[in-house]
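Working notes for the structure below.
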Amino acid sequence: MKRILAAVLAILIFIVFALAFAKIPFGEKMSTYPNYTEPLLNSTSNMSLPQHYLTYGKKETGATNMVTAIVVDYRGFDTLGEVTVLFLAATGVGSLMYVEDKQRRRVRKSNAVVETGSKLLFGFIILFGGYIFIHGHLTPGGGFPGGAVIASAFLLLYLAYPKFHANHKRLNVSESLAGLTYVIVGLLGLVLAGYFLYNFLPFGIPTYLFSAGVIPVIYTAIGVKVGSELTGIVDAMMGVRE
Amino acid sequence: MTPYYYLGSLALIAIGIYIVIAKRNLIKIIIGLDIMDTGVNLLLISVGYVKGGTAPIENVPGPYVDPVPQALVLTAIVIGVSVMALALSIAIGIYKNTGTMELDELLEVKK
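Going line by line, the protein sequences match chains U and P. 90 is the number of the first residue of the first sequence in my numbering; add one for each residue after it. 27 is the number of the first residue of the second sequence in my numbering; add one for each residue after it.
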């Protein structure tokens, strides 16, 4: 009975939203969007917000990856809040999973191929994760994917070695330092240019590694922070007894 | 006619709602929440599609897709992962304290 009701409700929601979305154009040019930027930026052009980002983004931020430019530069506050949410989740998991003596669950020892393979792969995965978040302003990726890749390297070690244990104090230190870097860069923008998270460094030449001002700095901080936070979550969840 | 991209992501959302209401196992409910999250992210991304558009990275020429929903989804994915991690650790805590993950039995324990 309950299942039938749930199915009816789900189908109703599906139909209502499908009818509503039938009116929303799919794959149309962006000029059909209303113009929001004009009163704000005093521009004479008749552009929608995404068109403004795509046209002037390179000039205004120095980044070639527009998603990165929006995430870190135009909408930096969103990312600060997002990092805060992830930090709170890591803290919450740590406090919920807290056990006095960290004894690992008894896991069967993995075989030699898995151990050696994961030992070899670990360095490569860390290198690739670092590459992703350092080149966040040039190529797809950025701080969050890079951090997740780094945490996956640690997850590999946790799965291959039953006795492996990341040092919690060092994880906390790197996490806090990375978060502090983000806020300090934002405050430097406030001091030097008058806006929090202002892009105050020189832009350099676009498509070069040292370009786009503060975006690589912030994304490196986010990468380290996300990597250590997700590793901390994995560590807290693997440390459960029984 | 609604495009297939919208229909697919709306179907994911509907499946998630069905799972959350109908299933009685905590892990299955969390899986339902995750499916719903994925559907919402897909919906957001497909709203920003432009026909023939490429990724908004200025090394490649051509019309670009809308970069704003991609930035929003980047945020939404991380928040979804955080919620999932918290929900899973709460589920583990409930199992350690009560020995069950079925909602009906948990209501019995409460009485």
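Glycine is no exception: its CB is placed at the ideal position from the N, C-alpha and C atoms. None of these values were measured; they are calculated from a predicted model.
Residue i and residue j look like a contact to me (Cβ under 8 Å); what is the Cβ gap, rounded to whole Å?
| i | j | result |
| --- | --- | --- |
| U:Phe285 | U:Gly302 | Actually they are not in contact, since the Cβ atoms of U:Phe285 and U:Gly302 sit about 15 Å apart, beyond 8 Å. |
| P:Tyr90 | U:Leu227 | At roughly 16 Å, the Cβ-Cβ gap does not stay under 8 Å, so P:Tyr90 and U:Leu227 are not in contact. |
| P:Ile45 | P:Gly58 | 3 Å |
| U:Ser241 | U:Ile214 | 7 Å |
| U:Tyr308 | U:Val174 | About 18 Å; that fails the 8 Å criterion. |
| U:Ala237 | U:Val315 | 7 Å |
| P:Ile120 | P:Met110 | So it is not a contact: roughly 16 Å between Cβ atoms. |
| P:Pro82 | U:Met155 | 4 Å |
| P:Ile61 | P:Ile47 | In fact, because the Cβ distance is near 13 Å, the residues do not count as touching under 8 Å. |
State the DSSP-derived secondary structure class of residue i, mapped to helix, strand or coil.
| i | result |
| --- | --- |
| U:Gly116 | strand |
| P:Tyr90 | strand |
| P:Glu84 | coil |
| U:Thr121 | Low per-residue confidence applies at U:Thr121: pLDDT is 47, beneath 50, and the placement is therefore not dependable enough to give any value. |
| U:Val303 | coil |
| P:Asn123 | helix |
| P:Asn67 | helix |
| U:Asn261 | helix |
| U:Glu331 | Its pLDDT being 38, under 50, U:Glu331 is placed unreliably in this model, and the coordinates cannot settle the point. |
| U:Tyr142 | helix |
| U:Pro234 | helix |
| U:Lys148 | helix |
| U:Gly212 | helix |
| U:Tyr220 | helix |
| U:Gly336 | The displayed coordinates of chain U run from 90 to 331. Any statement about residue 336 of chain U would go beyond what the structure contains. |
| U:Gly293 | coil |
| U:Thr309 | helix |
| U:Phe253 | coil |
| U:Leu298 | coil |
| U:Ser207 | helix |
| U:Met90 | coil |
| U:Tyr247 | helix |
| U:Ser199 | coil |
| U:Phe285 | coil |
| P:Ile41 | helix |
| P:Ser115 | helix |
| P:Ile95 | The residue you asked about is not Ile; residue 95 of chain P is Pro in the sequence shown. Three-state result, P:Pro95: helix. |
| U:Ser317 | helix |
So which residues on chain U does residue i lean against when the C-beta distance must stay under 9 Å?
| i | result |
| --- | --- |
| P:Gly119 | Leu185, Met186 |
| P:Lys54 | Under the 9 Å cutoff, chain U gives no residues; its nearest Cβ is about 13 Å from P:Lys54. |
| P:Leu59 | Chain U residues near P:Leu59: none, gap ~14 Å exceeds 9 Å. |
| P:Leu112 | Leu177, Ala178, Gly181, Val182, Leu185 |
| P:Leu129 | Within chain U, no residue comes near P:Leu129; the closest Cβ sits about 11 Å away, beyond 9 Å. |
Which chain B residues sit within Cβ distance under 7 Å of residue i?
| i | result |
| --- | --- |
| U:Glu171 | Any reference to chain B falls outside this structure, whose protein chains are U and P. |
Given that residue i touches chain P, what residues does it touch there, using C-beta distances under 8 Å?
| i | result |
| --- | --- |
| U:Pro139 | Gly74, Asp92, Pro93, Val94 |
| U:Lys91 | Ile47, Ala48 |
| U:Leu55 | This structure does not reach residue 55 of chain U, given that chain U is present from 90 up to 331, and the question cannot be answered. |
| U:Phe233 | Leu100, Ile103, Val104 |
| U:Met174 | It should be pointed out that residue 174 of chain U corresponds to Val in this sequence rather than to Met. In chain order: Val104, Ile105, Ser108. |
| U:Arg164 | Ala97 |
Count the other C-beta atoms from every protein chain shown that fall within 10 angstroms of the C-beta of residue i, then say buried if there are 16 or more, exposed otherwise.
| i | result |
| --- | --- |
| P:Asp130 | exposed |
| U:Glu318 | buried |
| U:Val105 | exposed |
| U:Thr153 | buried |
| P:Pro87 | exposed |
| U:Thr121 | Any reading at U:Thr121 must be qualified, since the residue scores a pLDDT of 47, below 50, and its modelled position is unreliable; no value is offered. |
| U:Arg109 | The sequence given here has Ala at residue 109 of chain U, not Arg. Classification for U:Ala109: exposed. |
| U:Met90 | exposed |
| P:Glu134 | exposed |
| U:Val202 | exposed |
| U:Phe233 | buried |
| U:Ser184 | exposed |
| U:Ala310 | buried |
| P:Pro95 | buried |
| U:Gly212 | exposed |
Listing by chain order, which chain U residues have their CB less than 7 Å from the CB of residue i?
| i | result |
| --- | --- |
| P:Asn85 | Thr153, Thr296 |
| P:Thr124 | Per Cβ cutoff of 7 Å: no residues; P:Thr124 is ~14 Å from chain U at best. |
| P:Leu33 | Ala107 |
| P:Leu133 | Correct list: empty, because the minimum Cβ distance to chain U is about 14 Å. |
So with CB distances below 8 Å, who are the chain U contacts of residue i?
| i | result |
| --- | --- |
| P:Ile43 | Ala95, Leu98, Ala99, Ile102 |
| P:Thr28 | Ala107, Leu108, Phe110, Ala111 |
| P:Ile116 | Leu185 |
| P:Leu70 | Neighbours of P:Leu70 on chain U: none; closest Cβ ~12 Å, over 8 Å. |
For residue i, which beta-bridge partners are listed by DSSP?
| i | result |
| --- | --- |
| P:Asn51 | P:Glu128 |
| U:Asn389 | A query on residue 389 of chain U cannot be resolved here, the shown segment of chain U reaching from 90 to 331 and no further. |
| U:Val182 | In DSSP, U:Val182 forms no bridge with anything. |
| P:Val76 | U:Gly116 |
Along chain P, which residues have their Cβ under 7 Å away from the Cβ of residue i?
| i | result |
| --- | --- |
| U:Asp324 | Chain P residues near U:Asp324: none, gap ~12 Å exceeds 7 Å. |
| U:Lys147 | Glu84 |
| U:His116 | Looking at the sequence shown, residue 116 of chain U is not His but Gly. Neighbours of U:Gly116 on chain P, chain order: Tyr75, Val76, Lys77. |
| U:Ile159 | Pro93, Val94, Ala97 |
| U:Asp167 | Thr101 |
Using the beta-carbon of each residue, which ones in chain P are nearer than 9 Å to residue i?
| i | result |
| --- | --- |
| U:Pro229 | Ala81, Ile83 |
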